[in-house]
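Structure record follows, encoded as structure tokens.
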Amino acid sequence: MKLEPIWLLGLLLIAGRASAETAQAPTDQDVLRACAKEAHGSADPIGHNMRCLREARERIQRQLDDTYYRLNRNLPPAQREKLVASQVAWSRYYDAQTELTMARLQDMDSVTEYLRIRMMSFRLDELNAQNLITQLGSEGRK
């Protein structure tokens, strides 16, 4: 498939908009550092760190769900089917990776939580990029 100049420009615009949006949100590494810093001064550092990481994972899960549902609402039926299939495949991957990590790091729950946050963060970036493609496509048709 040959990319026409207009498509290339569109991809560059999407990449630029996506990176600008993600630059405003804290990264998963920022979350990890913040959790570790908060836990350091607490009476139960391990328990505090785990609660902090779980809360961070729950926040990104809500963002992921909201982004997925927004994209799902805006797609035509044929594309919606592909999105659903993609999400099912990603969910299976996510579960398998979590199981593998838990099996390898039996007593390192904080590392497992961190890796789960990273996987969700990457998926959120993918869905946000798809939302931008949808927005740009609908703007072009107006």
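Residue numbers (this note's numbering): 157 to 298. The C-beta atom is built at its ideal place from N, Cα and C for all residues, glycine as well.
Assigned secondary structure, residue i (DSSP; H/G/I helix, E/B strand, else coil)
i	result
L231	coil
E177	Confidence in E177 is poor, its pLDDT being 46 and thus under 50, which makes the residue's placement too unreliable to answer from.
L209	helix
L137	Limits of the chain in this structure are 157 at one end and 298 at the other, which puts residue 137 out of reach.
A199	coil
L261	coil
CA nearest to the CA of residue i, picked from the options
i	options	result
C208	D265, Y250, R236 and G293	D265
R218	S247, N205, L280 and T254	L280
Q235	A192, Q286 and R248	Q286
W246	F278, R189 and D186	F278
N284	M258, D251, R210 and D222	D222
V267	P233, E237, R210 and P232	R210
G293	Y249, C191 and P232	P232
D251	L271, V187 and E295	L271
Assumed close pair residue i, residue j - CB separation to whole angstroms, cut-off 8 Å
i	j	result
E282	R213	In fact, because the Cβ distance is near 17 Å, the residues do not count as touching under 8 Å.
Beta-carbon gap between residue i and residue j smaller than 8 Å
i	j	result
N205	T290	no
I273	I216	yes
L239	L227	yes
M276	Q253	no
Q243	Y224	yes
Residue-level contact to chain B via CB, residue i, 8 Å cutoff
i	result
R215	Of the protein chains in the structure, only one exists, and it is not chain B.
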